[in-house]
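Visitor: In the working numbering, the protein residues as written are 269 to 705.
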């Protein structure tokens, strides 16, 4: 095919007539499908539409096209060999009309989200290659069929208007489409990880905030953990809260474990207390304690020592259900042998252990297996108070509650021993030992 034109816009082809090898009418150009794996995607199929009001579509392989132009397109095959269907919706392919036109894409060069108004195509050896994304107002008017009228009006008032001469084209190598599936709330972005990592964190946050809410949620879920963390610390609290509420516990845990402690603290301290404790429970024990201290709990207090990983159930839960859930649950560390019993407001009302549960009637409520008395400490209780109760009642773990008796966490004997050993060493270091003669 010889064509004097080097470039052509997608909008200049859409709606143009397609005829077969004998000049018989086939339909009109509806879309072009390209190979997304290439830096500059190359055309692979021409989508032709026919019929009204009952639309039908056919995907014609590019090798079956003789000549394509803005006037009409000729095929190498007969129309009888073309199969039309009621839909053309192959999600595995990149459709210029469906996936690019009027869609938000990421400009990885200028680090921003843009909307594509037209696609600039390059003629290369019988094929078309996607060369640029046109983000200009003129590109939009061209696609809507108003370019000639708009050009005429602009020339009437200003023949030297930048509108007539300046092109707002962005090289396709910097463009990464966001392929959004609203049904599954997922998004596919063909951006290599190294390209994302090359974008400054602040710019990455700006790109993200430029997307609409649905795209934000879907894109965030599709990214790897490292990029999620970079975005999360560079967006506002309202967006952070929206995102984290849409994640499952595993993803929340990974995210909070990946961002710096001070950033995690900035986020957590703006949440209600019950949510803070819920999220701390999802964080690795060591990191959880550090966050608890940053949130205002002294390292020498129960709040600073506690872990938020513990077993707690509603008072009306049956022992059978409790034992089943304990067996199915996975723990980040070896769980203490205690099960805590809570009311509707998460107030601590009792405790039991595995041995009492196993020997009890499975149909009884967990409250019936509770110890006659429950001992606990407050968030601000000292290490000495905690150690005293543990030693006196021989507990391997003790619950921590706030001023309203709401369960906050537990302190294990290992936690208290580590703290007591640290205190002992600090005191010993101040003693001036004399060598033994």
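C-beta: ideal position from N, C-alpha, C; glycine also.
(1) By DSSP, does residue 663 sit in helix, in strand, or in coil?
(2) Based on the DSSP output, what are the partners of residue 340 in its beta bridges?
(3) Would you tell me roughly how many angstroms separate the C-alpha atoms of residue 493 and residue 425, rounded to the nearest one?
(4) Looking only at its chain, what residues have a beta carbon closer than 8 Å to the beta carbon of residue 680, apart from the 5 residues adjacent to it on each side?
(5) Assuming residue 678 and residue 637 form a contact by the criterion Cβ under 8 Å, report the distance between their Cβ atoms to the nearest whole angstrom.
(6) Relative to the alpha-carbon of residue 572, which residue among 383, 534, 405, 545 has its alpha-carbon at the smallest distance?
(7) Residue 648: which of 569, 418, 592, 594 sits nearest, CA to CA?
(8) Can you give me the start and stop residues for the alpha helix (DSSP H) that residue 532 sits inside?
(9) Quick test of your reading: residue 298 and residue 315, contact by CB under 8 Å. State the CB separation rounded to the nearest angstrom.
(10) Determine whether the beta carbon atoms of residue 342 and residue 422 lie at a separation below 8 Å.
(11) I think residue 514 touches residue 485, with their Cβ atoms under 8 Å apart; what is that distance to the nearest whole Å?
(12) Which class does residue 590 belong to by DSSP, given the choice of helix, strand or coil?
(13) May I ask you to report which of helix, strand or coil DSSP gives residue 572?
(14) Tell me, please, which residues DSSP counts as bridged to residue 295.
(15) On the criterion of 16 or more Cβ atoms from any shown chain inside 10 Å, does residue 714 qualify as buried, or is it exposed?
(16) Can you round the beta-carbon distance between residue 668 and residue 644 to whole angstroms, since I take them to be within the 8 Å contact cut?
(17) Just to confirm my understanding: we take residue 521, look at its own chain, exclude 5 residues before and 5 after, and list those with CB closer than 6 Å. What are they?
(18) Give me the Cα-Cα distance between residue 325 and residue 351, rounded to the nearest whole angstrom.
(19) Count the other C-beta atoms from every protein chain shown that fall within 10 angstroms of the C-beta of residue 633, then say buried if there are 16 or more, exposed otherwise.
Guide: So, from the listed chains and residues:
(1) Coil at residue 663, not helix or strand.
(2) Per the DSSP secondary-structure output, residue 340 pairs in a beta bridge with 285.
(3) Our two residues, residue 493 and residue 425, have alpha carbons roughly 54 Å apart in a direct line.
(4) Its chain contains 575, 604, 664, 665 as the residues whose beta carbon lies nearer than 8 Å to that of residue 680, once the 5 sequence neighbours on both sides are disregarded; these appear in chain order.
(5) Between residue 637 and residue 678 the Cβ distance is about 18 Å, and since that is not below 8 Å, they are no contact.
(6) Measuring from the Cα of residue 572, the nearest candidate turns out to be 545.
(7) When each option's Cα is compared against that of residue 648, the closest is 569.
(8) 529-536 is the span of the alpha helix (DSSP H), which, as asked, contains residue 532.
(9) At roughly 5 Å, the Cβ-Cβ gap stays under 8 Å, so residue 298 and residue 315 are in contact.
(10) Against a cut-off of 8 Å, the Cβ pair of residue 422 and residue 342 comes out as no contact.
(11) Rounded, the Cβ-Cβ distance is 5 Å, consistent with contact.
(12) Of the three classes helix, strand and coil, the one that applies to residue 590 here is helix, per DSSP.
(13) Helix, per DSSP.
(14) Per DSSP, 286.
(15) Lying before the first or after the last residue shown, residue 714 is absent from the chain, which here runs from 269 to 705.
(16) Between residue 668 and residue 644 the beta-carbon gap is near 7 Å, inside 8 Å, which marks them as a contact.
(17) Excluding residues within five positions, the ones whose Cβ falls inside 6 Å are 550.
(18) It is roughly 8 Å from the alpha-carbon of residue 325 to the alpha-carbon of residue 351.
(19) Buried: at least 16 other Cβ atoms inside 10 Å.
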